[in-house]
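Have a look at the structure below, then the notes.
Here you go:
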């Protein structure tokens, strides 16, 4: 996952390697999400404020199937990344101490964020600025971006928010008792699922109703979706709580999760179908806007939790054997996450005038962006100084 430590290969090693592989799969879903966002039916260009467009590039060629892909991805994959990031926080703090842990996270997360925000993100958003009617000239666009704004953060927003969560965890650890902390046995996946749904409903629904689903808060390039601040924090905390017993505890929970893989997949599929149908149901019932939004949010909470149990269950169930492609994707995932966005937006911009279907365009952008960023990541990670940060 972007920004996380390498998963320790404690026994049973395959179970924990599976989480690395899943992290790579989720990064692939992030690339797919951004690749097809230009071709959704709800797309529009905001010519007054290009950063408020539904995507950096909006193509007139649309396909409603991509609406479903984007909705499903958006419903679970960022909370899952925060949850995965939290899994080994307690172990890292216990081994290194709060100060050393935070220094490591600043190097691992803060430095890439500070490099990507003023370089890769203006490069990624320049075609968006032009599509909205901006005057050509990258140097002037860059200067305005980093001085007066807007300064869209793009995918690195996750890295900035994760660093803040890590800092909060380090502060909490530093203030906690120095003595040994007993680690009670974790409840089973079923009970954990119920608690996660309840906690995230409390953390998410009030903010969703207060801010709506589209409002972002930003300080310079550091941004977060207002309605999801509590949701992301809850998943990060849930991961940290689950990982408080170390790799062995995580692996034990994983065995229990994988043992009911079919159940979790069925639940995720059912909840996902309900999540996609919820907006139409709200309209059919003539619900007032706040009630309709609350309905969608409540179903999303259940779907998010179910998907965040189902995908790990599948990956853990299929953990055995050598999978060099998945291992390479996992190893390069952080760099792919950072590098893919300019490739996506410039490819989408280049395909605007092409007479081709939305599916062909979206899949072409996905393939080129994933392959291109993956290749660049592999090359950059061979440079010793760069490789230590990616």
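Residue numbers (full-length UniProt numbering): 1 to 390. All residues carry an ideal CB built from backbone N, CA and C; glycine is no exception. No experiment lies behind these values; they were computed from the predicted model shown.
Inset, instruction - Using three-state DSSP, classify residue 349 as helix, strand or coil. - result: Of the three classes helix, strand and coil, the one that applies to residue 349 here is helix, per DSSP.
Legend entry - Outcome for residue 285 when other beta-carbon atoms lying within 10 angstroms are tallied against a minimum of 16: Residue 285 should be labelled exposed.
Legend entry - the stretch 214-231 / the stretch 331-340 touching (three or more Cβ pairs under 8 Å): Because the criterion of three Cβ pairs below 8 Å is not met, the stretch 214-231 and the stretch 331-340 do not touch.
Legend entry - Meets three-Cβ-pair contact criterion under 8 Å: the stretch 276-284 and the stretch 117-131: Between the stretch 276-284 and the stretch 117-131, the count of C-beta pairs closer than 8 Å stays below three; the two stretches do not touch.
Legend entry - Contacting residues, own chain, Cβ-Cβ under 6 Å from residue 141 (five flanking each side not counted): The beta carbon of residue 141 sits closer than 6 Å to those of 126, 129, all from its chain and outside the five residues before and after it, given in chain order.
Inset, instruction - Within its chain, find whatever has a CB closer than 8 Å to the CB of residue 323; leave out the 5 residues flanking it on each side and keep chain order. - result: Same-chain partners within the cutoff: 21.
Inset, instruction - Look up residue 224 in the DSSP assignment and give the residues it is bridged to. - result: Answer is 217, bridged to residue 224.
Legend entry - Range covered by the alpha helix (DSSP H) that runs through residue 73: From DSSP, the alpha helix (DSSP H) with residue 73 extends over 64-86.
Inset, instruction - Give, in chain order, every unbroken run of the alpha helix (DSSP H) that is at least 4 residues long and sits entirely within the stretch 332-377. - result: Taking only runs of at least 4 residues, the alpha helix (DSSP H) segments lying wholly in the stretch 332-377 are 333-350.
Inset, instruction - Report the three-state DSSP secondary structure of residue 379 (helix, strand or coil). - result: Helix at residue 379.
Inset, instruction - Could you tell me how far apart the beta carbons of residue 189 and residue 260 are, in whole angstroms, since I believe they sit closer than 8 Å? - result: Distance from residue 189 to residue 260 at the Cβ level is roughly 7 Å; contact confirmed, criterion being Cβ atoms closer than 8 Å.
Legend entry - N-terminal and C-terminal residue of the alpha helix (DSSP H) that residue 128 is part of: 120-131 is the extent of the alpha helix (DSSP H) around residue 128.
Inset, instruction - Please work out which residues of its chain come closer than 7 Å, Cβ to Cβ, to residue 395, disregarding the five sequence neighbours upstream and downstream, and give them in chain order. - result: One cannot answer for residue 395 here, as it falls past the ends of the chain, which runs 1 to 390.
Inset, instruction - Using the Cα positions of residue 163 and residue 361, report the straight-line distance between them to the nearest angstrom. - result: Taking the straight line joining both Cα atoms gives about 35 Å.
Inset, instruction - Give the secondary structure of residue 388 by DSSP, where H, G and I count as helix, E and B as strand, and everything else as coil. - result: DSSP places residue 388 in coil when its eight states are reduced to three.
Inset, instruction - Specify the secondary structure class of residue 153 as computed by DSSP and reduced to three states. - result: Of the three classes helix, strand and coil, the one that applies to residue 153 here is coil, per DSSP.
Legend entry - Residue span of the alpha helix (DSSP H) that contains residue 91, given as start and end: Element bounds for residue 91: 89-96.
Inset, instruction - Report yes if the C-beta of residue 40 is less than 8 Å from at least one heavy atom of the ligand MN; otherwise report no. - result: Looking for the ligand MN in the displayed structure turns up nothing, as the structure carries no ligands at all.
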